[in-house]
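2 protein chains.
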Amino acid sequence: MKQKTIEQAWRGAERCKSCGIRHLALFADIPQESFDRIHLPIDDITFEPGHRLYLQGDDIPFVFTIRSGLVKLAQRMRNGDRRIVRVLGQGDLAGLEGLEGLPMDHDAITLDHVTVCRIPKSVVKSLRRDNPELHMALLQRWQSALSAANTWITQLSTGSSKKRVARLLMFLHERSVDDTFFLPTRDDMGAMLGITTESASKATAEFKRKGWLKTVGQNRACIDVDELAPACE
Amino acid sequence: MKQKTIEQAWRGAERCKSCGIRHLALFADIPQESFDRIHLPIDDITFEPGHRLYLQGDDIPFVFTIRSGLVKLAQRMRNGDRRIVRVLGQGDLAGLEGLEGLPMDHDAITLDHVTVCRIPKSVVKSLRRDNPELHMALLQRWQSALSAANTWITQLSTGSSKKRVARLLMFLHERSVDDTFFLPTRDDMGAMLGITTESASKATAEFKRKGWLKTVGQNRACIDVDELAPACE
DNA sequence: CGCGCAATTGAGTTATATCAAATACGGTGG
DNA sequence: CCACCGTATTTGATATAACTCAATTGCGCG
Chain B
6 MKQKTIEQAW RGAERCKSCG IRHLALFADI PQESFDRIHL PIDDITFEPG
56 HRLYLQGDDI PFVFTIRSGL VKLAQRMRNG DRRIVRVLGQ GDLAGLEGLE
106 GLPMDHDAIT LDHVTVCRIP KSVVKSLRRD NPELHMALLQ RWQSALSAAN
156 TWITQLSTGS SKKRVARLLM FLHERSVDDT FFLPTRDDMG AMLGITTESA
206 SKATAEFKRK GWLKTVGQNR ACIDVDELAP ACE
Chain E
6 MKQKTIEQAW RGAERCKSCG IRHLALFADI PQESFDRIHL PIDDITFEPG
56 HRLYLQGDDI PFVFTIRSGL VKLAQRMRNG DRRIVRVLGQ GDLAGLEGLE
106 GLPMDHDAIT LDHVTVCRIP KSVVKSLRRD NPELHMALLQ RWQSALSAAN
156 TWITQLSTGS SKKRVARLLM FLHERSVDDT FFLPTRDDMG AMLGITTESA
206 SKATAEFKRK GWLKTVGQNR ACIDVDELAP ACE
């Protein structure tokens, strides 16, 4: 269970100006001049799969923008069961509740190789003071997180196990940049869908047998959307 | 299917100053002077059970603060299934996504008798311009909505049907002002928990037989918390 | 009193969980 | 390079829980 972290810190907000996903990122509409006033460290960091950005109960002084890769948000319950409540992808924000001074109510763990921007709370707060654009951006992030949570409930926690797996595959497919996407372990799939590992495996295996799902390399896959769509209901 | 609405509009924001749940409401920390500058209509409205505040797809110019009673948020899926994604109570906000100019992604329907404040978007926006307190309040509402959504997934969409019902009863109990609380129809319980009406009924009936749940009048009930807690796991 | 709706209950079916075993796979060390 | 080992996945058999369908009961209201 060794966890090695590869950190490639770029120290400095000037990188934000030329950010490749700036249009998706938190500071999308912030004018250049605002950046010039920042001298606080915004780090660009790479993590390998399984890295914990933060854990339930943590009180962290950062917000993370996902630049690439997937991050799972999981809650652990008293009895030891865990449930993945959401998966974040490119452009999503992790650790928003920290801005309100609240401890995290979930673990945030990388699924695959992930690059993030780690932004100190203080930067967000100081920019927020005089940038209505950032405010709007924050509210929009919050809103999209909420609507994603709704989707998670209606699409991924409802219906037969086969339907849930089919919908999860579509969900992952839609969020992918190329035609392949990250295929979670059956264990994680179960935790996302509220079913057992075995049920997730049986559904996945069946889709593979039918040729609707093809694995590519180790952890990636692609789907035949037209064939799989009916299975989503 | 006749819907009668009892509207008792109080026209005028000056009522906010003396609002009984001001400490819970959206404008909790807004200074008095700010209110004095508002001459836009904030209405105090009473609805009977089953009233639709808004429907999925609607584009409404209001935000609602729940003053009393319960409101269910439900999403309808293509195949006709519906799922209740959250229940709002005193102090919660409904229709937040309208502030971002988005259409509603769910229905908001009163469960019991409900009183709300109906606040025009324009009021929120104009107050937001120069009131950092309102910004904070909005962000906090959003955050608590998100954390409620997480709870909904981990507590009410996971485990056996009996566990889900038990957790729902605890959830409703905790949010009630007195020792009794609103008991939803078995149909709504099913839509909240992702189980069938019959399964909800069987669990409810069993708890009643065991004396852990007692119905009070038509739609209300109270529970023996100590007895029911173990059933939540 | 009887009507209509909601809740409850029961029997039979089906899907999922559970338990157990076999297989595939990647990484390690000889 | 290959054999081996630990882990993840797949598969199967069985038990159990939930769904489905149908009938009955209970209750408020006209």
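Residue numbers (the numbering used here), protein chains in the order written: chain B, 6 to 238; chain E, 6 to 238. Just so you know, even glycine gets a beta-carbon here, dropped at the ideal spot from N, CA and C.
Pairwise C-alpha distance: residue j and residue i
i                : j                : result
threonine 209/B  : aspartate 193/E  : 32 Å
threonine 2/B    : isoleucine 71/E  : Nothing in the structure corresponds to residue 2/B, since chain B is present only between 6 and 238.
leucine 177/B    : leucine 188/B    : 8 Å
tryptophan 157/B : aspartate 41/E   : 42 Å
alanine 30/E     : glycine 164/B    : 37 Å
arginine 27/B    : valine 119/B     : 17 Å
lysine 219/E     : methionine 197/E : 21 Å
aspartate 112/E  : glycine 106/B    : 31 Å
serine 39/B      : glycine 25/B     : 18 Å
proline 66/B     : serine 131/B     : 14 Å
leucine 116/E    : serine 73/E      : 11 Å
arginine 91/B    : alanine 234/B    : 21 Å
alanine 226/B    : alanine 153/B    : 23 Å
alanine 5/B      : isoleucine 124/B : Nothing about residue 5/B can be reported from this structure: the residues present for chain B run from 6 to 238 only.
aspartate 135/B  : isoleucine 228/B : 46 Å
arginine 20/B    : threonine 51/B   : 15 Å
proline 54/B     : asparagine 224/B : 11 Å
leucine 161/E    : glutamine 37/E   : 40 Å
leucine 104/B    : asparagine 84/E  : 39 Å
methionine 141/E : leucine 143/B    : 11 Å
Classification of residue i by the beta-carbon crowding that lies within 10 angstroms, buried from 16 upward
i               : result
glutamate 5/E   : Lying outside 6 to 238, the shown extent of chain E, residue 5/E is not represented and no answer is given.
histidine 56/E  : buried
aspartate 49/B  : buried
lysine 9/B      : Only weak support exists for where lysine 9/B lies, its pLDDT of 40 falling under 50; the value from the coordinates is given anyway. Result: exposed.
arginine 214/B  : exposed
alanine 82/E    : The displayed chain sequence assigns methionine, not alanine, to residue 82/E. Counting Cβ neighbours within 10 Å, methionine 82/E comes out exposed, since fewer than 16 surround it.
lysine 22/B     : exposed
lysine 77/E     : buried
glutamate 102/E : buried
glycine 195/E   : buried
threonine 190/E : exposed
glycine 216/E   : exposed
glycine 222/E   : exposed
lysine 7/B      : Low per-residue confidence applies at lysine 7/B: pLDDT is 32, beneath 50, and the placement is therefore not dependable enough to give any value.
aspartate 97/B  : buried
valine 230/B    : exposed
Contact test: residue i Cβ vs the ligand ZN heavy atom, cutoff 6 Å
i                   : result
phenylalanine 187/E : For the structure depicted, the ligand ZN is absent and the ligand set is empty, with no information on it obtainable.
Residue closest to residue i, alpha-carbon to alpha-carbon, out of the options
i                : options                                : result
glutamine 80/E   : Asp183/B, Thr159/B, Ile200/B, Met141/B : Thr159/B
threonine 202/B  : Val68/B, Asp86/B, Ser73/B              : Asp86/B
glycine 100/E    : Val121/E, Arg88/E, Asp34/E             : Val121/E
aspartate 64/B   : Pro108/B, Cys21/B, Pro125/B, Ser131/B  : Pro108/B
leucine 174/B    : Ile26/B, Leu139/B, Ala236/B, Val119/B  : Ala236/B
lysine 126/E     : Glu238/E, Phe69/E, Gly25/E, Gly96/E    : Phe69/E
lysine 207/B     : Asn224/B, Gly222/B, Glu232/B, Ala171/B : Ala171/B
glutamate 211/E  : Leu198/E, Glu232/E, Asn155/E           : Glu232/E
glutamate 238/E  : Ile228/E, Arg169/E, Lys77/E            : Arg169/E
isoleucine 263/E : Ser162/E, Phe32/E, Pro54/E, Ser204/E   : The structure shown has nothing for residue 263/E, since chain E only spans 6 to 238.
lysine 2/E       : Ile200/E, Pro66/E, Leu116/E            : Here chain E covers residues 6 to 238 and nothing more, so residue 2/E does not appear.
arginine 133/B   : Lys130/E, Pro137/E, Leu132/E, Ser131/E : Pro137/E
arginine 88/B    : Asn155/E, Val128/E, Arg88/E            : Asn155/E
leucine 151/E    : Asp229/E, Leu93/E, Gly216/E, Arg20/E   : Leu93/E
aspartate 34/B   : Val230/B, Asp183/B, Leu139/B           : Leu139/B
glutamine 95/E   : Ser162/E, Val182/E, Ala142/E           : Val182/E
isoleucine 43/B  : Val128/B, Ala142/B, Leu143/B           : Val128/B
leucine 75/B     : Ile114/B, Asp110/B, Asn84/B, Leu104/B  : Ile114/B
For residue i, the three-state DSSP class (helix, strand or coil)
i                : result
arginine 180/E   : coil
cysteine 122/B   : strand
serine 73/B      : strand
glutamine 80/B   : strand
isoleucine 35/E  : coil
arginine 172/B   : helix
arginine 91/E    : strand
isoleucine 158/B : helix
lysine 215/E     : coil
glycine 237/E    : Note that residue 237/E is cysteine in the sequence shown here, rather than glycine. It is helical.
key: At least three beta-carbon pairs within less than 8 Å, the stretch 137 to 148 of chain E to the stretch 54 to 66 of chain E   = In short, these stretches do not touch, since the Cβ pair count stays below three.
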